[in-house]
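One structure is given below, encoded as structure tokens.
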Amino acid sequence: NAGVTQTPKFRILKIGQSMTLQCTQDMNHNYMYWYRQDPGMGLKLIYYSVGAGITDKGEVPNGYNVSRSTTEDFPLRLELAAPSQTSVYFCASRRQTGFETQYFGPGTRLLVL
Amino acid sequence: DAKTTQPPSMDCAEGRAANLPCNHSTISGNEYVYWYRQIHSQGPQYIIHGLKNNETNEMASLIITEDRKSSTLILPHATLRDTAVYYCIVRVGDSGGGADGLTFGKGTHLIIQP
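Below is the structure:
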């Protein structure tokens, strides 16, 4: 299993541009998550999904959108990028049942200039 | 979820046991203690979790005090590859927990010295 994969690894955006961060998991997990991590800080939850067609806001959803059309994929969309969205973005997944063992992807480093 | 308190940084000599403390004095009876770590520039990695009994796996041991207000993660023979930020997270277990994500604080930056 590849686990959780994310693309791209690194991206530079200009202010006002848009992009989609891709996340795919091959573990058949129902629950998926997007976090962001600013330098020297812990992770903050942006959005999460409990299954295809179901998403919900986390702690810091403003400026982002998500969709979940399949169990495997959970893309994160940035509309009108701002410097405040410069961060490292991590996608994670876990089983619906069982303990809170989340599996994280390698992250996408985003720089907005 | 109950709040946790961890020291911002710790040093440990290579080959020695690394003991990372975590305070969670407001923990509820149905909340578990989870430990994750994040090696530089990588995604967090699950280490271990426990409710009230001590737990051990191939990575670490978790010691939870009898009153459950604090815990210690033990890496028995630390190596340079264990240098990372370690997060202690308190979370309701699956039977009562929701689907929303984990709450990460700033964790403890453990530096293993050669």
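Residue numbers (the numbering used here), protein chains in the order written: chain S, 955 to 1067; chain C, 306 to 419. Don't be surprised by glycine CBs; every beta carbon is placed ideally from N, CA and C.
Between Gly-1140/S and Leu-1034/S, is the Cβ-Cβ spacing less than 9 Å? Because residue 1140/S is not part of the residues shown, which for chain S are 955 to 1067, the question remains open.
Within its chain, find whatever has a CB closer than 8 Å to the CB of Gly-406/C; leave out the 5 residues flanking it on each side and keep chain order. On the second sequence, residue 406/C is found 101 positions in, with the first residue counted as 1. Cβ neighbours of Gly-406/C within its own chain (closer than 8 Å, five residues either side excluded): none.
In the DSSP assignment, what residue or residues form a beta bridge with Glu-1013/S? What you label residue 1013/S is simply residue 59 of the first sequence in a count that begins at 1. Answer by DSSP bridge pairing: none, since Glu-1013/S is not bridged.
Closest Cβ-Cβ distance between Thr-377/C and chain S: below 9 Å? Residue 377/C sits at position 72 when you count from the first residue of the second sequence. No, Thr-377/C lies away from the interface with chain S (no Cβ there is under 9 Å from its Cβ).
First and last residue of the beta strand (DSSP E) that includes Gln-1039/S? Taking the first sequence and counting its residues from 1, one reaches residue 1039/S at position 85. Here Gln-1039/S belongs to no beta strand (DSSP E), and DSSP marks it neither H nor E.
To the nearest angstrom, report how far apart Ile-394/C and Val-1066/S are at their CA atoms. Numbered from its first residue, the second sequence carries residue 394/C at position 89. Numbered from its first residue, the first sequence carries residue 1066/S at position 112. Their backbone Cα atoms lie some 31 Å apart in a straight line.
Going by DSSP, what residues sit across from Val-395/C in a beta bridge? For the purposes of this step, residue 395/C is identified with residue 90 of the second sequence, where counting begins at 1. Per DSSP, the beta bridge partners of Val-395/C are Val-338/C.
When you compare the stretch 313-320 of chain C with the stretch 1045-1062 of chain S, are there three or more beta-carbon pairs, one atom per stretch, that lie closer than 8 Å? Result no; under three Cβ-Cβ pairs closer than 8 Å.
So which residues of chain S does Asp-387/C contact, with C-beta pairs closer than 7 Å? The residue you call residue 387/C lines up with position 82 of the second sequence. Ordered by position in chain S, no residue passes the 7 Å Cβ test against Asp-387/C, which lies about 18 Å from the chain.
Take Ile-1008/S and list the residues in its own chain whose beta-carbon comes closer than 7 Å to its own, dropping the five residues that flank it on each side. On the first sequence, position 54 is the one that residue 1008/S refers to. Leaving aside the five residues that flank Ile-1008/S on each side, the residues in its chain whose CB is nearer than 7 Å to its CB run, in chain order, Arg-1022.
Going by DSSP, what residue range makes up the beta strand (DSSP E) through Ile-368/C? Walking along the second sequence from the start, residue 368/C turns up at place 63. Where Ile-368/C is concerned, the enclosing beta strand (DSSP E) stretches over 366-369.
Which word fits Leu-325/C, buried or exposed, when buried means at least 16 other C-beta atoms lie within 10 angstroms of its C-beta? Within the second sequence, residue 325/C is the residue found at index 20, counting from 1. By the 10 Å Cβ count, Leu-325/C comes out buried.
Would you give the residue range spanned by the beta strand (DSSP E) that Met-973/S belongs to? Here residue 973/S refers to the residue found at position 19 of the first sequence. Residues 973-979.
Please tell me whether Thr-408/C has its Cβ less than 9 Å away from any Cβ of chain S. For the purposes of this step, residue 408/C is taken as residue 103 along the second sequence, with counting starting at 1. Answer yes: the Cβ-Cβ gap between Thr-408/C and chain S drops below 9 Å somewhere.
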